[in-house]
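Number of protein chains: 2
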Amino acid sequence: MSSATEQKIIDAAVRLFASQGYDATSVQEIVTAAEVTKGALYHYFRAKDDLLFEIYRQLITAQSADMDRIIELGLSSADTVREILVSLVVSTAERVDETAVFVREMHRLDEARMTEFRAERRRYHETFLGVIEKGQADGEFSSAVPADTVVRIAVGVVNQLPVWYRPDGAKPPARLATEIADFVLAGLTGS
Amino acid sequence: MSSATEQKIIDAAVRLFASQGYDATSVQEIVTAAEVTKGALYHYFRAKDDLLFEIYRQLITAQSADMDRIIELGLSSADTVREILVSLVVSTAERVDETAVFVREMHRLDEARMTEFRAERRRYHETFLGVIEKGQADGEFSSAVPADTVVRIAVGVVNQLPVWYRPDGAKPPARLATEIADFVLAGLTGS
DNA sequence: GTGGGCATACCGACCGGTCGGTAGGGTGGG
DNA sequence: CCCACCCTACCGACCGGTCGGTATGCCCAC
Chain A
178 MSSATEQKII DAAVRLFASQ GYDATSVQEI VTAAEVTKGA LYHYFRAKDD
228 LLFEIYRQLI TAQSADMDRI IELGLSSADT VREILVSLVV STAERVDETA
278 VFVREMHRLD EARMTEFRAE RRRYHETFLG VIEKGQADGE FSSAVPADTV
328 VRIAVGVVNQ LPVWYRPDGA KPPARLATEI ADFVLAGLTG S
Chain B
178 MSSATEQKII DAAVRLFASQ GYDATSVQEI VTAAEVTKGA LYHYFRAKDD
228 LLFEIYRQLI TAQSADMDRI IELGLSSADT VREILVSLVV STAERVDETA
278 VFVREMHRLD EARMTEFRAE RRRYHETFLG VIEKGQADGE FSSAVPADTV
328 VRIAVGVVNQ LPVWYRPDGA KPPARLATEI ADFVLAGLTG S
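Read top to bottom, the protein sequences are chains A and B.
In terms of the working numbering, the first sequence has 308 at position 131, counting the first letter as 1, and numbering is strictly consecutive.
In terms of the working numbering, the second sequence has 319 at position 142, counting the first letter as 1, and numbering is strictly consecutive.
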């Protein structure tokens, strides 16, 4: 449960962190943008980096839930991979700022949170990896390229999306998602 | 021409920026790590962010030169793409720290340098794009997926490489490069 | 002797975080 | 019904400390 004030602060923080970076954004800037005061911020958050962690948590939770939901559908390997990629690209496009912050400032987490976060990311990777390896074992995918490299490539594109994606660009997110999925599947099934 | 002191400063800066981030690294830390003093740093650089720009410049210059050299060989489209990818992956693996800094702190450049940098990156992208489009026009590659998406995917993997690549990992850079190139080429030629 | 290559001491701005205080809505004893 | 009490949400001036940058001068190679 998060109050309206709390969400306003997070929204402002995401926007500012994405455009200027975490360290370059002062707490004062955040509260000014959120139209609250420092007192309010430190009432809800113990420290500035709690904001970062909260942003990550929201993002990872949503992505993991998406993937789990898709896998449970029990589609073919190819369709599962396609759905995972499409949902990942579309949801990332909807949250470019969060993703940009996440990619750039991840390393600023403290030890404990970094460990927790790495575990969650590892789980995500290995689930995705499992889907591809199953497809290769079934003969549905080519085994020419190792599954872990394919996962790296897929995750790589998505994480770089904030660098070039513009909401007002020529290609809508769904189109981009389809193109990326097509390419990855062509690489998996071809040759 | 850069003096030994100048290069020591840049090397130390790259290492520290990569592990802690630009803002979280103080000028004092840099000069201590480089075993020089602030006087020396401000003798060679006008400001802290000159260091950033110098790091980018060295990276982009090297990559552009690599690509130009490969294109001049006049290989087939497939071999040209393969060589570009292999050289990109290998040289990025050799410069993980520089790439990590580049990806994470790029947005901190001031207006003028950002414009200059964007022009250089654009040139790189369009050259790569041209190679792929030529292959598609010749019928050597499939046109199923637009060339610009392929470029985005390729550059995306490389830029995310610092996140997961470890020099002491199981796969040597050349192996990784081959796998990535195989996958991209499978996507380009298949289906 | 003079200028490039530094060293050292220092400045002012700014930042994250604190802390004493307040406004206002709920609530329970009389 | 009401008022004393309290508690949550919030305010904003302020502090210790750090940081990028500068001013000044030494020193040695030419």
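Glycine included, C-beta positions come from ideal geometry on N, C-alpha and C.
Computed from a prediction, not measured in an experiment: that's the story for all the values here.
Requested in this report: Taking only beta-carbon positions, decide if Ile186 of chain A is within less than 7 Å of chain B.
Outcome: If you number the first sequence from 1, residue 186 of chain A lands on position 9. At a cut-off of 7 Å between beta carbons, Ile186 of chain A makes no contact with chain B.
Query - Contacts of Pro323 of chain A in chain B (Cβ-Cβ under 9 Å) - result: By 1-based counting over the first sequence, the position of residue 323 of chain A is 146. Going along chain B in sequence order, the residues near Pro323 of chain A (Cβ under 9 Å) are Lys348 and Glu356.
Query raised in the report: Just curious, the alpha helix (DSSP H) that Ala270 of chain B is in, first and last residue?
Result: Locating residue 270 of chain B in the second sequence gives position 93, counting from the first residue. Segment Ser254 to Glu271, the alpha helix (DSSP H) holding Ala270 of chain B.
Report task. Would you mind telling me which residues of chain A sit closer than 7 Å to Arg343 of chain B, beta carbon to beta carbon, in chain order? Result -> As a position in the second sequence, residue 343 of chain B is number 166, starting the count at 1. Under a criterion of Cβ atoms nearer than 7 Å, no residue of chain A is adjacent to Arg343 of chain B; the nearest Cβ is some 13 Å distant.
Query - Cβ pair count under 8 Å reaching 3, the region 271-284 of chain A against the region 186-198 of chain A - result: By the Cβ test, the region 271-284 of chain A is in contact with the region 186-198 of chain A, since at least three Cβ pairs between them sit closer than 8 Å.
**Report entry** Close beta carbons around Val327 of chain A, own chain, < 8 Å, minus the five adjacent residues each side
**Finding:** As a position in the first sequence, residue 327 of chain A is number 150, starting the count at 1. Counting only residues of its own chain and dropping the five nearest sequence neighbours on each side, Val327 of chain A has a CB closer than 8 Å to the CB of Ile309, Val361, Gly364 and Leu365.
Report task. Specify the secondary structure class of Phe362 of chain B as computed by DSSP and reduced to three states. Result -> Stepping through the second sequence from its first residue, residue 362 of chain B is reached at position 185. It is Leu, not Phe, that sits at residue 362 of chain B in the sequence shown. Leu362 of chain B falls in the helix class under three-state DSSP.
Query raised in the report: Which residue's Cα is closest to the Cα of Thr257 of chain A: A:Arg352, A:Gly312, A:Asp200 and A:Val340?
Result: For this step, residue 257 of chain A is matched to residue 80 along the first sequence. Checked all of A:Arg352, A:Gly312, A:Asp200 and A:Val340; the closest Cα to Thr257 of chain A is A:Gly312.
Query raised in the report: Which runs of the alpha helix (DSSP H) spanning at least 4 residues fall entirely within the region 305-363 of chain B, listed in chain order?
Result: Those alpha helix (DSSP H) runs which fall completely within the region 305-363 of chain B and span 4+ residues are 324-341.
Query raised in the report: Under a CB-based cut-off of 7 Å, is Gln337 of chain B close to chain A?
Result: The residue given as residue 337 of chain B occupies position 160 in the second sequence. Chain A, which has a Cβ nearer than 7 Å to the Cβ of Gln337 of chain B, makes this yes.
Query raised in the report: Along chain A, in chain order, which residues have C-beta atoms closer than 8 Å to that of Val334 of chain B?
Result: Within the second sequence, residue 334 of chain B is the residue found at index 157, counting from 1. Within chain A, the C-beta atoms nearer than 8 Å to that of Val334 of chain B come from Arg329, Ile330, Gly333 and Val334, in chain order.
Report task. Could you list which residues in chain B have their beta carbon closer than 8 Å to that of Thr269 of chain A, in chain order? Result -> For the purposes of this step, residue 269 of chain A is identified with residue 92 of the first sequence, where counting begins at 1. At a beta-carbon threshold of 8 Å, none of the residues of chain B lie near Thr269 of chain A; the nearest stands roughly 12 Å away.
Query - Under 8 Å from the C-beta of Ala211 of chain A: neighbouring residues of chain B - result: On the first sequence, position 34 is the one that residue 211 of chain A refers to. Going along chain B, no residue has its Cβ under 8 Å from Ala211 of chain A, so there is no contact; the nearest lies around 21 Å.
**Report entry** Whether Lys225 of chain A touches Val208 of chain A by CB criterion (7 Å)
**Finding:** Position 48 of the first sequence, counted from the start, is the residue given in the question as residue 225 of chain A. Position 31 of the first sequence, counted from the start, is the residue given in the question as residue 208 of chain A. No, Cβ-Cβ distance for Lys225 of chain A and Val208 of chain A is not below 7 Å.
Query raised in the report: How would you write the range of the alpha helix (DSSP H) that His220 of chain B sits in, first residue to last?
Result: Position 43 of the second sequence, counted from the start, is the residue given in the question as residue 220 of chain B. Lys215 to Tyr221 is the span of the alpha helix (DSSP H), which, as asked, contains His220 of chain B.
Query raised in the report: Going along the chain, which residues of its own chain have a beta-carbon closer than 8 Å to the beta-carbon of Ser319 of chain A, five neighbours each way excluded?
Result: Counting from 1 along the first sequence, the entry for residue 319 of chain A is found at position 142. Gln313, Leu365, Thr366, Gly367 and Ser368, listed in sequence order.
Query raised in the report: Does DSSP put Glu212 of chain B in a helix, a strand or coil?
Result: Sequence index remark: in the second sequence, residue 212 of chain B carries index 35 (1-based). Three-state DSSP puts Glu212 of chain B in coil, outside helix and strand.
Requested in this report: Quick one: grab the DSSP three-state call for Tyr301 of chain A.
Outcome: Counting from 1 along the first sequence, the entry for residue 301 of chain A is found at position 124. Look at Tyr301 of chain A here: in three-state DSSP terms it is helix.
Query raised in the report: So, do the region 281-301 of chain B and the region 342-360 of chain B have three or more beta carbon pairs nearer to each other than 8 Å?
Result: Per the Cβ contact rule, the region 281-301 of chain B is not in contact with the region 342-360 of chain B (fewer than 3 Cβ pairs under 8 Å).
Query raised in the report: So which residues on chain B does Arg281 of chain A lean against when the C-beta distance must stay under 7 Å?
Result: For the purposes of this step, residue 281 of chain A is identified with residue 104 of the first sequence, where counting begins at 1. Result: Arg281.
Query raised in the report: If contact means a Cβ-Cβ distance below 7 Å, which residues of the region 190-218 of chain A contact chain B?
Result: Those residues of the region 190-218 of chain A that come within reach of chain B (Cβ to Cβ, closer than 7 Å) are Gly198, Asp200 and Ala201.
**Report entry** Spatial neighbours of Ala211 of chain B in its chain, beta-carbon cut-off 6 Å, leaving aside the 5 residues before and after
**Finding:** Here residue 211 of chain B refers to the residue found at position 34 of the second sequence. For Ala211 of chain B, the CB contacts under 6 Å within the same chain, skipping 5 residues up- and downstream, are Lys185, Ile186 and Ala189 in chain order.
Requested in this report: Taking all protein chains shown into account, decide if Gly333 of chain B is buried (16 or more other Cβ within 10 angstroms of its Cβ) or exposed.
Outcome: Taking the second sequence and counting its residues from 1, the one referred to as residue 333 of chain B is at position 156. Under this definition Gly333 of chain B is a buried residue.
**Report entry** Proximal residues of chain A, C-beta to C-beta of Arg299 of chain B below 9 Å
**Finding:** Counted from its first residue, the second sequence places residue 299 of chain B at position 122. By Cβ distance, chain A contributes nothing, its closest Cβ being about 11 Å from Arg299 of chain B, past 9 Å.
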